[in-house]
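**Q**
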Amino acid sequence: MADSPEEIKKSIKTYLLVGAILFAGTVATVLVATVPALDIGGHGFDHWDMWLGLAIATTKASFVAAVFMHLNHEKAWVYWLFGMGLFFGAAMVFLIFLAKGDPIHYDRFEDGGVSAAVMSE
Amino acid sequence: MSATATHDELHHDHHDPGFVRKYIFSTDHKMIGLQYGITAGLFLLFGFFLMIAMRWSIAFPHEPLPGWIAMFFPDGWEARWLQDGKLTGDAYNMFGAMHGTIMVFLGVVPLGFGAFGNYVTPLQIGAPDMAFPRLNMMSYWIYLAGGLVMCASFFMESGAAKSGWTNYSPLAGIADGQIVNQWLAGQTQWLIGLVLLITSSLLGSVNFITTIINLRARGLTWMRMPFFVWAMLVTGFLLLLAFPPLEAAGIMQLMDRVAGSSFFMPSGLYTSAEGLMEISGGGSPLLFQHLFWFLGHPEVYVLLLPAIACVAEIIPANTRKPLWGYKAMVYGVLVLGFLSFIVWAHHMYMTGMGPVVSTFFQTTTVLISIPSVILLTSLIISLWQGSIRFTPAMIWACAFLPMFGIGGLTGLPLAFNLVGLHLHDTYYVIGHFHYVVAPGILFGLFAGVYHWYPKITGRFMSRFLSHLHFWPSLICMNLIFFPMLTQGMAGFHRRWYNGGDSYLATDPESANVFGRTVAEHIDLNIVMSYAAWAMALAQVPFLINLVWSKLAGRKVESDNPWNATTLEWATPTPPGHGNFTTEPVVYRGPYEYSRPDHDEDFLPQWTEPKKPAEKPEESPAAH
Amino acid sequence: MEIPYVVNPRKDTGLFNSKIAIWLFLASEVMLFGGLFSGYVFLRIGADYPWPERTLPVLPGLINTFILIASSVTVVFAWAALKMRKWRQFQIFMGITVACALIFMVFKGVEYGVKFKHQALRMNDFTMVEGHIGYVKAKGGDDHADDHADDHGEEHGDDHAADYARDVHGEKIEANQHVFAAESVAFNLARYHKPWAEDLIAEAAREGVEVKLAETLDFNAGEGGEEPVFEAGTVLSMDLLDDLADAYADNLTRNATWRKRYLRKAWDIKWEDVEENNLLGEASFAADFPKALELESDERKKAYTRWKAGMRARMAQDVTIDEVKLSSGSKPVTIDDESYASRELPAPGSAKFTCSKPLVLRQKSHDVITDYKADNSTISLRDGTSLAGAYKPSPMDFHDVDGIDFQHLAMDAEKRNLDPEITIENSWLVKNNPVVADLWTMHKDAIAQLEQNLIDHYGYRKGKDGKPLEDAAGNPVAKRVPTEKDRYRMGWQEIAYYMDLLDKHEGEGVPKIDLPKDANAAPKVTMTPKEHFMGPDYGTRSFPHLTIPRSEVLLDAKFTPKWNSYYAIYFTITGLHGLHVIGGAIVLAYYLFFGRSMYLSNPEWLANRVEVGGLFWHFVDLVWIFAFPIFYLM
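Chains as they are written, first to last, in this note's numbering: chain A, 2 to 122; chain B, 373 to 995; chain C, 2 to 635.
#1: Which partner residues does Cys-356(C) have in the DSSP bridge list?
#2: Please report the straight-line C-alpha distance between Thr-737(B) and Pro-727(B), rounded to a whole angstrom.
#3: Let me see if you follow: with CB-CB separation under 8 Å, is Tyr-585(B) close to chain A or not?
#4: Have a look at Val-275(C) and Ala-533(B) and give me their C-alpha separation to the nearest angstrom.
#5: Is there a C-beta anywhere in chain A that falls below 8 Å from the one on Asn-521(C)?
#6: Quick check: what's the CA-CA separation for Tyr-515(B) versus Asn-508(B)?
#7: How should Ala-903(B) be labelled, buried or exposed, when 16 other C-beta atoms within 10 angstroms of its C-beta is the threshold for buried?
#8: According to DSSP, what are the bridge partners of Glu-324(C)?
#9: Sort Glu-450(B), Pro-657(B) and Glu-929(B) by Cα distance to Lys-261(C) and report the nearest one.
#10: Out of Arg-255(C), Ala-391(C) and Pro-10(C), which has the shortest C-alpha to C-alpha gap to Arg-452(B)?
#11: Relative to the alpha-carbon of His-179(C), which residue among Ala-215(C), Ile-626(C) and Val-137(C) has its alpha-carbon at the smallest distance?
#12: Put Thr-953(B) into one of helix, strand or coil per three-state DSSP.
#13: Can you check whether the CB of Asn-252(C) is closer than 8 Å to the CB of Pro-333(C)?
#14: I'd like the span of the beta strand (DSSP E) that includes Gln-120(C), first residue to last.
#15: Relative to the C-alpha of Ser-543(C), which residue among Val-31(C), Gly-404(C), Tyr-567(C) and Asp-622(C) is closest?
#16: Just confirm the distance between the C-beta atoms of Leu-720(C) and Phe-188(C), as a whole number of angstroms; I'd bet it's less than 8 Å.
#17: According to a CB-to-CB cut-off of less than 9 Å, which residues of the segment 621 to 632 of chain C neighbour chain B?
#18: At which residues does the beta strand (DSSP E) containing Ser-387(C) begin and terminate?
#19: May I ask which residues mark the beginning and end of the alpha helix (DSSP H) holding Leu-294(C)?
#20: What residues in its chain sit with their C-beta under 8 Å from that of Ile-4(C), if we drop five residues either side in the sequence?
#21: Taking just the CA atoms, how far does Ala-522(C) sit from Arg-481(C)?
#22: How far does the beta strand (DSSP E) with Ile-714(B) in it reach, from first residue to last?
#23: Say whether the segment 457 to 464 of chain B touches the segment 546 to 557 of chain B, bearing in mind that this needs 3 or more beta-carbon pairs closer than 8 Å, one atom from each stretch.
#24: From this set, Val-107(C), Lys-416(C) and Leu-190(C), which residue's C-alpha is nearest Asp-1(C)'s C-alpha?
#25: So, does the CB of Glu-435(B) fall closer than 8 Å to a CB anywhere in chain F?
#26: Does the separation of the CB atoms of Arg-866(B) and Val-801(B) fall below 8 Å?
#27: To the nearest angstrom, how far is it from the Cα of Leu-563(B) to the Cα of Thr-953(B)?
#28: Beta-carbon within less than 8 Å of Asp-557(C)'s beta-carbon, same chain only, minus the 5 sequence neighbours each way: which residues are those?
#29: Helix or strand or just coil, what does DSSP make of Gly-154(C)?
#30: Figure out for me which residue from Gly-777(B), Ser-634(B) and Ser-398(B) has the closest Cα to the Cα of Phe-43(C).
#31: Mind checking who Leu-642(B) pairs with in its DSSP beta bridge?
#32: Return no unless some Cβ of chain C is closer than 8 Å to the Cβ of Thr-582(B).
#33: Provide the residue(s) that pair with Arg-835(B) in DSSP beta bridges, ordered along the chain.
#34: Is Pro-446(B) close to chain A? Criterion is C-beta to C-beta, closer than 8 Å.
#35: Sorted by chain position, which residues of the same chain lie with C-beta nearer than 8 Å to Ala-377(B)'s C-beta, five sequence neighbours on each side aside?
#36: Quick one: what does DSSP say Ile-514(C) is sitting in, helix, strand or coil?
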């Protein structure tokens, strides 16, 4: 961990730089979503915009995690503990969507309104 | 070190802290453990009482409750909920939902993790206390608040929650809809209580894991840790990572109830009370089930692991030989913890999941039986060729093994999709998980009480009373739960408030096939109910034993009355604030019994070796 | 012994206690927000209605993002300052951090506040109307709202307080409530809602209506009992209701106690009978079911079991509170020579009151259980109160409509294989409101031009072989087309644009739209900075006025979690995030204001705690980094 005063002094610049990157990323993500000329994919919101937005957000988040939260140089234990949260969180999301996407739902209940009415009877 | 000495938070008061600080708002892990234990014990009794009343309704649905059950209900309450002295369907649902909730969230988890974990873990790792004593105190008080909030709702106009302990939406979303101020509805109070309980568990698990990682005594390397501590570590992680999704689900359901949102409410929901519900719809009831069972399954292991942990401590101490397969058990429990996160949807085979997902969860569910079997087998093999001392703790531990075995094995069929479809929501499921929880886990925890009681109080528990407690309990447990397996296979649904009475035809030949099956198995209800009531009687010797032994039990002669090897027996009896009189140092593994190179049949972890070769491998910085 | 590693890290783990704890806590937070965000995705991909995409004003969210990022930078600086033992610098940076948190919450509060005042409506044909609801005027009818006045801007000065009807609490009354002229009111004595009863009494007093008990309620069974008697004509008061409820509960309890005793006695008699006559024995079985004797012994056993189980159910039919049917004839049940009937006390569950003249009552839609029908003469409230009289028309009055959305209607039409545009033209709103019909005509025109502009600018899609792609009908496929939202939703900027044109060309029929030949041109007005935060400026823009009859209303809600699952998850995640901001700010402020003595005694300890607090703060920032694009931009 870079926590001797000298090293911290050196990393001040890094912090400022990351702050600037975050600001720039925020501006970029808003511009691609609101300025029609910068719209990627089709007209209006579509999955391209979604992936682009999430990619920018993930990049920003990685900078915060790596630099501000010092994950670029942490003890092994921290990686294990936090990594477990990330891993099981991802597993949960993945499996829930696997279950949702499994065909039985969509073949049978294409018409959501009707099936909901049937189920509530 | 001077750094720590200056902080008053860390100063352990060596003078008398006063009654309130010592017994009520205590930050000492032992007192908090006892608080957890007593509170959880009271909640267990309450939950058990609800079941006693329910069992009457199941066995004798037409007859009013007898005086010895009905006397516990206030008159006005009885008039509201017990029609003609009989349980109404609503009241039965309320009791059923609260029985499950209380037993799981307010009884067994706090007893296993909160009480035993709190009392024993810091002692076994040679720590002066938990890493965050005040956080520890907060977890207890938040737990108590959550429990009281839930139970207070019995006395509200709406009554307590009635949608089962699983609280499925949309049923739970529309329940108590007639109450104008939704904050005062039992179903809402349940959610508030749940959010508090989860918060408490989260604080507790953070505390436990930190303590185990950072506060181990000098020389206590990972593979020298008693199995108990390993189990607590895994339990801590289960609570830490599995509970938050339920907290999310709880918050969303709370929004559904008090803010009128439709997270879990489908479009076009129509009820007899309100007609077309005035909600936006578009939500997903299945989402709740996913989030609930993401907790729900690890929760099973949160219940189980502390019990196995107690048994794993008691068996070596009473067989006078090392725990067989210690390493295999440690890896087993880690794998168990890992797998328990990815098996949850086996509770949801009936929800119309596709074949891919069903197969996946079926596979992981069958896989998880492997580490469970490793744990159980290791414990059974540990008995092999031991010179067993049948202390009170040991008889309970011995009974735990076959009982938990039945519970585990009856779970295997439920893992399979196809069988699950037939057995879903029948008494078979009830029988299965009660075998795990009641004669399994509770027996393990009883064993723990008998085992550590001398350390806590300085006196032994009465042997006679413990046998009087044990044998009737063992017999009754099996009489209660084994018939459930039979009934379940015959198709008895788990939520019949009258035990299947509505399926009876007065003419024996006019009944359809199902009616005939019900008629042939319905008398088992009476057997089970009598067993349940006898079970209540069997707990009386235990309660007497707890109090009487504290006052007049035989005093222990040494700090280590069982001649055990783990660190908690190195403390004074009972341990004072700060636990150890000198800083403990660990020289060897946790279960060094009957070593041929040692005179006595046990070699405690803290005994300094005679040979210089056995120095501690690791010496962390002195603080 | 003391707890070690509070300040200095343990050698083998390299960490001090609270650092382990915070990372564990953050891991659980990942799971918490993971659960919530997966809820978001689950709801969005499973939505059976058009998800409101890009529906929030971006600017407040953008500024809040800047604020949080800035605070993340300053909290690192605050920690660095402590590490370098510069107390003054620490104070400055930490002060900025906490101030940022406060500003963030103020913006959040403004955003929420705008939504809580904004009314939405889903009509029976799934047309959505958004806007501001009017207030009921004092004179000239109960349900007519003022056209010009403004609920969200008292500052306009045209709000003449005297013009509005006020409820008993002195509040203006929104014109979206169910109105009922009650001739009689029956309270459910077990669960009437006290605040409603209080309001009703106050309303009656204000209107000079006398509400009196309709008939005498005598809680005694015969004459001369001790229970209270409530004479017909007693004036309704909270005390009276209290007393009635108490008397009811008392009698209920007393009756229940006696019923239980009689029932127990009855069962005792029945069981005696069973034992005396061996009614459950094999002999009775054989008598009852002679065919059984011919069965195999195994089968007979089963039949006997079934018969016995059935017998118990039949016995239950023989046992009642008044009498027991015995094998030898009926037998009355008495305790101390008295039957139950002579002990039973009356326990009427409701108390009916009549009004001297019709009392006009208003209730929110959620409080009314009965579905609206114009000729309904009774209405049930959620607390079991039953009103009899006349259901008034109860329309919803929007004085500023700033959103008309046919997306759901169009989706529903497509599902039923109908042409969405024809369905829209046949919708209640377009048919019955000429202004909306004009708006829709202009909108269709504008979208057709937008579609052409997009084709002109981007052209058609080509296949791999370079030839233009064709759809099933043989038409070329444009590269970019207007979205469903473009086609079927008129947001406030569109409506203001069209209304402006309508005003300019008043009396000339529906004006033609003339969009610039530019792919990015849209039929919208440009927002002023204030409008970015507070929504449209109703003082300068003009918006249509709509009155929607109650019978067309399917769901009315403010822009709260009730409106749809998008707003539900938006409020839940941002609300929970807001609580985290508040919690984090409190902790950081504690270090700022009360950290001095800790700093003097052991600066490293304070630095550690600030680091841990900072880690939490960064995590809060992380959540926002995802929440912002997901809720505001997608």
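By construction, the Cβ of each residue, glycine as well, lies at the ideal position given by its N, Cα and C atoms.
**A** With the given structure in hand:
#1: By 1-based counting over the third sequence, the position of residue 356(C) is 355. Beta-bridge pairing links Cys-356(C) to Val-212(C).
#2: Within the second sequence, residue 737(B) is the residue found at index 365, counting from 1. Within the second sequence, residue 727(B) is the residue found at index 355, counting from 1. The alpha-carbon atoms of Thr-737(B) and Pro-727(B) are separated by roughly 15 Å.
#3: In the second sequence, residue 585(B) corresponds to position 213, counting from 1. The sequence shown places Ile at residue 585(B), rather than the Tyr named in the question. Yes, contact with chain A.
#4: As a working note, residue 275(C) is residue 274 in the third sequence. As a working note, residue 533(B) is residue 161 in the second sequence. Taking the straight line joining both Cα atoms gives about 39 Å.
#5: As a first step, residue 521(C) must be located in the third sequence, where it is residue number 520. It does: the Cβ of Asn-521(C) has a partner Cβ on chain A nearer than 8 Å.
#6: Numbered from 1 along the second sequence, position 143 holds the residue referred to as residue 515(B). Numbered from 1 along the second sequence, position 136 holds the residue referred to as residue 508(B). Each residue's alpha carbon lies about 11 Å from the other.
#7: Position 531 of the second sequence, counting from 1, holds the residue named residue 903(B). Label assigned to Ala-903(B): buried.
#8: For the purposes of this step, residue 324(C) is taken as the residue at position 323 of the third sequence. Bridge partners of Glu-324(C): Pro-333(C).
#9: The residue given as residue 261(C) occupies position 260 in the third sequence. Closest by alpha carbon: Glu-450(B).
#10: Position 80 of the second sequence, counting from 1, holds the residue named residue 452(B). Closest by alpha carbon: Arg-255(C).
#11: What you label residue 179(C) is simply residue 178 of the third sequence in a count that begins at 1. Of Ala-215(C), Ile-626(C) and Val-137(C), the residue nearest in Cα terms is Val-137(C).
#12: One-based indexing of the second sequence puts residue 953(B) at position 581. Reduced to three states, the DSSP call for Thr-953(B) is coil.
#13: For the purposes of this step, residue 333(C) is taken as residue 332 along the third sequence, with counting starting at 1. For the purposes of this step, residue 252(C) is taken as residue 251 along the third sequence, with counting starting at 1. Contact: no.
#14: Mapped onto the third sequence, residue 120(C) falls at position 119. Element bounds for Gln-120(C): 120 to 124.
#15: Here residue 543(C) refers to the residue found at position 542 of the third sequence. For Ser-543(C), the nearest C-alpha among the options comes from Gly-404(C).
#16: The structure shown does not extend to residue 720(C), since chain C is modelled only from 2 through 635, so no value can be given for it.
#17: none
#18: Within the third sequence, the letter at position 386 stands for residue 387(C). Ser-387(C) -> beta strand (DSSP E) spans 387 to 392.
#19: Residue numbering aside, residue 294(C) sits at position 293 when the third sequence is read from its first letter. No alpha helix (DSSP H) holds Leu-294(C); DSSP gives it neither H nor E.
#20: As a working note, residue 4(C) is residue 3 in the third sequence. For Ile-4(C), where only same-chain residues beyond five positions count, the Cβ hits under 8 Å are Asn-18.
#21: Stepping through the third sequence from its first residue, residue 481(C) is reached at position 480. Stepping through the third sequence from its first residue, residue 522(C) is reached at position 521. Using only the alpha carbons, I get a separation of about 14 Å.
#22: In the second sequence, residue 714(B) corresponds to position 342, counting from 1. Where Ile-714(B) is concerned, there is no enclosing beta strand (DSSP E), given that its DSSP letter is neither H nor E.
#23: no
#24: This structure does not reach residue 1(C), given that chain C is present from 2 up to 635, and the question cannot be answered.
#25: No chain F is part of this structure, whose protein chains are labelled A, B and C.
#26: For the purposes of this step, residue 866(B) is taken as the residue at position 494 of the second sequence. For the purposes of this step, residue 801(B) is taken as the residue at position 429 of the second sequence. A contact, by the Cβ cut-off of 8 Å.
#27: Sequence index remark: in the second sequence, residue 563(B) carries index 191 (1-based). Sequence index remark: in the second sequence, residue 953(B) carries index 581 (1-based). Taking the straight line from one Cα to the other gives about 44 Å.
#28: Sequence index remark: in the third sequence, residue 557(C) carries index 556 (1-based). The residues are Gln-120, Ala-121, Leu-122, Arg-123, Asn-177, Ser-366 and Met-397.
#29: Reading the third sequence from its first residue, position 153 is the one you call residue 154(C). Since pLDDT at Gly-154(C) reaches only 42, below the 50 mark, its modelled position is unreliable, and no value is offered.
#30: Position 42 of the third sequence, counted from the start, is the residue given in the question as residue 43(C). Of Gly-777(B), Ser-634(B) and Ser-398(B), the residue nearest in Cα terms is Ser-634(B).
#31: The residue given as residue 642(B) occupies position 270 in the second sequence. This sequence places Tyr at residue 642(B); Leu is not what is there. Answer is Leu-648(B).
#32: For the purposes of this step, residue 582(B) is taken as residue 210 along the second sequence, with counting starting at 1. It does: the Cβ of Thr-582(B) has a partner Cβ on chain C nearer than 8 Å.
#33: As a working mapping, residue 835(B) is identified with position 463 in the second sequence. Arg-835(B) pairs with nothing; no bridge assigned.
#34: The residue labelled residue 446(B) in the question sits at position 74 within the second sequence. Chain A contact via Cβ: absent.
#35: Sequence index remark: in the second sequence, residue 377(B) carries index 5 (1-based). No answer about Ala-377(B) holds up, because its pLDDT of 40 lies below 50 and its placement is not dependable.
#36: Residue 514(C) sits at position 513 when you count from the first residue of the third sequence. Looking at Ile-514(C) - three-state DSSP - the assignment turns out to be coil, as it is neither helix nor strand.
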